Structures are given as structure tokens and as C-alpha cells.
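Residue numbers (numbering that gives the first Met the number 0), protein chains in the order written: chain A, 0 to 192; chain B, 0 to 192.
Glycine included, every Cβ here is placed at the ideal spot set by N, Cα and C.
This structure is a prediction, so every number in the text was calculated from the model and none was measured.
Shown next, in C-alpha cells, is the structure this report addresses.
Protein chains: 2
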Amino acid sequence: MGKELFTESIRRHVGITDEEIDSVWSLGIERRVKKGQYIIHNGTVAKKTCFISSGTAVGYFIDTKGEEYLIQFGFDGWWISDISSFLKGTPALLNVQAIEDTLVYEFSSEAISEAFEKAPSFQSYFLAITQNAFASFQARTLNNLSMSAEERYVDFCNKYPQVSQKLSQKWIASYLGISPESLSRLKSKLLKS
Amino acid sequence: MGKELFTESIRRHVGITDEEIDSVWSLGIERRVKKGQYIIHNGTVAKKTCFISSGTAVGYFIDTKGEEYLIQFGFDGWWISDISSFLKGTPALLNVQAIEDTLVYEFSSEAISEAFEKAPSFQSYFLAITQNAFASFQARTLNNLSMSAEERYVDFCNKYPQVSQKLSQKWIASYLGISPESLSRLKSKLLKS
DNA sequence: AATTTGACTTGATCCATGTTAAGTTTAAAG
DNA sequence: CTTTAAACTTAACATGGATCAAGTCAAATT
Numbered sequence: 000m001g002k003e004l005f006t007e008s009i010r011r012h013v014g015i016t017d018e019e020i021d022s023v024w025s026l027g028i029e030r031r032v033k034k035g036q037y038i039i040h041n042g043t044v045a046k047k048t049c050f051i052s053s054g055t056a057v058g059y060f061i062d063t064k065g066e067e068y069l070i071q072f073g074f075d076g077w078w079i080s081d082i083s084s085f086l087k088g089t090p091a092l093l094n095v096q097a098i099e100d101t102l103v104y105e106f107s108s109e110a111i112s113e114a115f116e117k118a119p120s121f122q123s124y125f126l127a128i129t130q131n132a133f134a135s136f137q138a139r140t141l142n143n144l145s146m147s148a149e150e151r152y153v154d155f156c157n158k159y160p161q162v163s164q165k166l167s168q169k170w171i172a173s174y175l176g177i178s179p180e181s182l183s184r185l186k187s188k189l190l191k192s
Numbered sequence: 000m001g002k003e004l005f006t007e008s009i010r011r012h013v014g015i016t017d018e019e020i021d022s023v024w025s026l027g028i029e030r031r032v033k034k035g036q037y038i039i040h041n042g043t044v045a046k047k048t049c050f051i052s053s054g055t056a057v058g059y060f061i062d063t064k065g066e067e068y069l070i071q072f073g074f075d076g077w078w079i080s081d082i083s084s085f086l087k088g089t090p091a092l093l094n095v096q097a098i099e100d101t102l103v104y105e106f107s108s109e110a111i112s113e114a115f116e117k118a119p120s121f122q123s124y125f126l127a128i129t130q131n132a133f134a135s136f137q138a139r140t141l142n143n144l145s146m147s148a149e150e151r152y153v154d155f156c157n158k159y160p161q162v163s164q165k166l167s168q169k170w171i172a173s174y175l176g177i178s179p180e181s182l183s184r185l186k187s188k189l190l191k192s
């Protein structure tokens with residue numbers, strides 16, 4: 000069950016009663032997603048935002064040349080969606096895909112609104128995690144502007160030490176904005192020095 | 000007075016009564032900032048988030064070499080701060096500076112909390128604008144990863160047509176992640192074609 | 001065990017953008 | 001009005017990282 004993790008994630012940010020947790024939790028729909036399956040498909044409207052109970056998912060963009068760009072990833076206890084699509088009802092730019100067997104709890108925008116009404120502190124929680132997500136994208140933008148590929152890689156490894164195990168080098172390179180070949184060279188250079 | 004703009008900005012996202020607007024508005028502190036003055040200084044804690052009533056401000060990072068990187072900018076009706084610092088109470092990474100005479104309304108975190116209590120729909124508004132800010136940083140990350148400098152510049156001009164007048168080329172180049180010289184070259188190339 | 005497939009490495013070459021530096025235009029300040 | 005400084009342009013040269021192409025290695029499939 001993912002409810003403990005869900006509760007813990009909320010209580011890390013706000014005070015909330017067990018009853019409120021129950022009423023919010025009951026609005027989510029459990030879905031088991033096999034490795035390789037899509038959670039959100041680009042071009043369709045993202046009708047759900049997902050709480051990841053276990054597993055790993057990536058959210059990436061594909062350009063006209065078929066090149067893939069990793070925008071976000073998520074593990075146990077993170078939320079994942081295409082937020083622009085979810086909020087505005089526009090077609091998703093991102094594919095969100097499980098890269099291992101993953102258990103998610105899906106919340107529609109109606110479910111989220113209802114949760115906000117039933118448990119106002121859930122809205123405070125939602126604001127807090129959105130602010131965190133905003134801050135981390137801002138930090139990523141800052142890194143992209145001010146750091147070399149090597150510095151970004153070192154920073155990435157420090158920030159997400161567990162990630163190197165779960166994500167392939169292709170995805171990490173894509174997240175950093177470099178080619179897999181460059182990442183490979185860069186790693187061997189770092190090992191030598 | 001900036002109250003009309005403030006009201007309009009909120010009502011674009013949520014329903015709110017005049018009384019609620021009044022109670023929120025009264026929590027803000029008016030401050031006139033002259034061109035060149037700082038709104039937030041890097042290294043100090045950002046104690047305020049600011050609603051810009053008129054004028055223009057930039058938020059930028061300075062690296063160890065003294066190089067400046069434009070992270071965000073704001074005009075009439077936008078909010079600006081160093082969000083990470085404001086939320087976590089850590090020293091600000093950004094300088095926020097007026098680049099023309101600017102009128103802002105400052106809200107401390109206590110003021111924001113009080114506003115959320117007095118006017119719950121103000122919290123919904125705050126969530127909505129934070130989600131928008133998140134989405135636009137995500138889009139910027141996507142552009143940085145997938146587009147050439149020239150494509151990013153064209154996209155920037157389309158997205159913020161009024162900006163080229165207000166921001167110097169140095170700031171625009173910095174925002175796009177290229178040198179001012181490259182932007183100059185790129186512009187003359189675009190004019191020819 | 002043999003084969004296919006995907007992930008990673010390594011080398012050669014190329015190009016977009018950075019860097020340095022000089023010159024020009026514009027705007028601010030005395 | 002003059003001076004100074006900042007913003008912008010242009011050119012020559014340097015370089016980080018991309019691209020193209022082979023090759024290695026390990027895991028999955030038959």
C-alpha cells in the first residue's frame with residue numbers, strides 16, 4: 000500500500016488529520032504500470048497527475064527529428080504529470096513512461112479540486128510541492144546557464160546520488176543537455192583525474 | 000495606485016470578493032524603487048515577495064567569475080522574488096534589481112500566511128500563479144535542451160514581444176544562455192535572411 | 001552455445017558558440 | 001556642449017561538445 004508514503008509526504012509539509020488523509024486518498028485511483036508502458040502520451044490531454052508509490056518514471060519530450068529530451072523523472076513519493084497539459088487542458092508535450100514496474104495513484108483535476116475542498120491543508124501541501132518543483136527547475140536553469148557539462152554532471156550526481164543506478168546513461172546525458180558520447184568521455188576523464 | 004492591477008491579476012484566476020481583496024491588499028507594503036536599486040540582495044535572506052505595480056525588474060545570478068545570468072524578469076502585474084530563499088529562509092542566490100523606476104508591493108511570509116487565512120481564494124490564486132511559473136520554467140528548460148540559440152531567440156521574441164524594448168541585449172543574451180556578441184551576430188543574420 | 005539487442009566507449013572530424021580585441025554608436029553625466 | 005562610459009557591432013581565432021562511425025561488452029532470446 001502506498002498510503003503510508005502518501006501520508007508521510009503530506010505531513011512533511013503540513014499538519015493534516017487522519018480523516019482528511021482518508022478523504023483525499025480515497026479520490027486517487029491505483030494503477031499498476033509495467034516497465035515501458037506510458038502513463039501520459041504526448042499529443043493527448045493529461046487528465047491525471049500521479050503520485051508514485053513505487054517504481055520509476057521519466058517525462059521526456061521528442062522533437063521533430065525524433066531526439067528525446069529528459070525533462071523530469073520521479074521515484075517513490077514524487078508526483079509526475081505534464082503539468083501544463085493537466086492545468087490548461089492542452090495536448091501534452093511530454094511522454095511520461097515507466098522505466099520499471101511502477102505503482103501510481105492517479106488524481107483527476109476534479110479529484111484534486113474535491114480534495115482541496117475536503118482538506119484545505121491538502122491545498123497548502125500542493126502549493127508547497129509546486130513551489131519546490133518550481134525552485135528546482137529554476138536551479139536547473141541556473142546550472143544550464145552557468146556551468147560546463149562536467150560541472151553539471153558532478154552536481155547532478157551529488158544532488159541525486161541514487162539516480163545513476165536507476166537511469167541509463169542515455170537519460171542522464173539527455174537530462175544534462177549533452178550527448179551520451181560526451182557523457183561517456185566526461186566520466187572517463189573524471190575517473191583519471 | 001496598483002490595487003486595480005492587483006485585483007485584476009487575482010480575478011483572472013479565481014473568484015474573490017472586494018472585502019477579501021481589501022484584506023489581502025492591506026497586508027502589502029508599498030515601496031518605490033529607483034532605477035538600479037536592489038529589491039533583493041544576494042547573500043541575504045529574501046524576506047519579501049513583491050507584486051510589481053509598475054516598472055521592470057530583473058533577477059539574476061552572479062558566478063564566481065563575476066559573470067551574470069538572467070534567471071527571471073518582471074513587469075507590471077508580475078510577482079518577483081528569490082523563491083527558494085523566501086520559502087526556505089536560506090540566503091538568496093539571486094540579485095533582484097529594478098532596471099527602471101519601479102513601484103512594488105512587498106509581502107512578507109507572515110503577510111502571505113495571513114492573506115491565505117483571511118482569503119482562502121488568495122491561496123488558490125497563489126497556487127495558480129506558482130503553477131504557471133513552474134510551467135514556464137519547464138518550457139524554458141525544454142527550449143534550452145532542444146533548440147539552437149537562433150531558435151531560442153525567435154521563440155523569445157514571439158513569447159515576450161514587448162521585452163526587447165525594455166531589456167538590453169546583454170540581458171536577453173544572458174537569458175538565452177549565449178554571449179552578447181553571439182546575439183548580435185545572430186540578429187544581423189536574421190535581418191539579412 | 002549462438003545470436004541478437006541495447007548500453008557504453010573511443011577516435012576522427014566538424015561546427016556553433018565562446019573569447020579576445022578593436023571600433024562604432026548611443027546615452028548619461030558633468 | 002563636451003566628456004565619459006556603457007551598449008552594440010564586427011572580425012579573427014579558439015574550443016567544447018556534436019556528429020559520424022567502429023568497436024566492445026553484457027544481458028536477453030532462441
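Beta-carbon proximity of residue i to residue j, cut-off 8 Å
| i | j | result |
| --- | --- | --- |
| residue 20/B | residue 56/B | no |
| residue 81/B | residue 91/B | yes |
| residue 103/B | residue 44/B | no |
| residue 179/B | residue 165/B | no |
| residue 124/A | residue 28/A | no |
| residue 126/B | residue 71/A | no |
| residue 26/A | residue 113/A | yes |
| residue 181/A | residue 172/A | yes |
| residue 68/A | residue 185/B | no |
| residue 130/B | residue 86/A | yes |
Per-residue contacts from residue i into chain A (C-beta, under 8 Å)
| i | result |
| --- | --- |
| residue 97/B | In chain order: nothing, as chain A lies at least about 20 Å away. |
| residue 140/B | 70, 136, 139, 140 and 143 |
Supposed contact pair residue j and residue i - C-beta distance, whole angstroms, cut 8 Å
| i | j | result |
| --- | --- | --- |
| residue 4/B | residue 65/B | Wrong, their Cβ atoms sit about 36 Å apart, outside the cutoff. |
| residue 238/A | residue 12/A | Outside the displayed span of chain A (0 to 192) sits residue 238/A, for which this structure offers no information. |
| residue 120/A | residue 14/A | 6 Å |
| residue 151/A | residue 175/A | 5 Å |
| residue 22/B | residue 118/B | 6 Å |
| residue 30/B | residue 105/B | 6 Å |
| residue 60/B | residue 145/A | 7 Å |
| residue 143/B | residue 143/A | 5 Å |
Where residue i meets chain B, residues with beta-carbon distance less than 8 Å
| i | result |
| --- | --- |
| residue 126/A | 122, 125, 126 and 129 |
| residue 176/A | 143 and 144 |
Chain B contact residues for residue i, given Cβ-Cβ distances below 9 Å
| i | result |
| --- | --- |
| residue 119/A | 119 and 122 |
Per-residue contacts from residue i into chain B (C-beta, under 7 Å)
| i | result |
| --- | --- |
| residue 132/A | 133 |
Chain-ordered neighbours of residue i on chain A, where CB pairs are closer than 7 Å
| i | result |
| --- | --- |
| residue 62/B | 145 |
Practice problem: Check whether the segment 44-56 of chain A touches the segment 86-102 of chain A, taking contact to mean three or more Cβ pairs, one atom from each stretch, closer than 8 Å. | Solution: yes
Self-check item: Residues within the segment 71-91 of chain A neighbouring chain B, beta-carbon criterion of under 7 Å
Solution: 82, 83 and 86
Quiz item: How do the segment 115-134 of chain A and the segment 157-168 of chain A stand: do at least 3 beta-carbon pairs fall below 8 Å, yes or no?
Solution: Output reads no: the segment 157-168 of chain A does not touch the segment 115-134 of chain A.
Practice problem: Check distances from the C-beta atoms of the segment 38-59 of chain A to those of chain B and list, in chain order, the residues that come in under 8 Å. | Solution: So nothing in the stretch comes that close.
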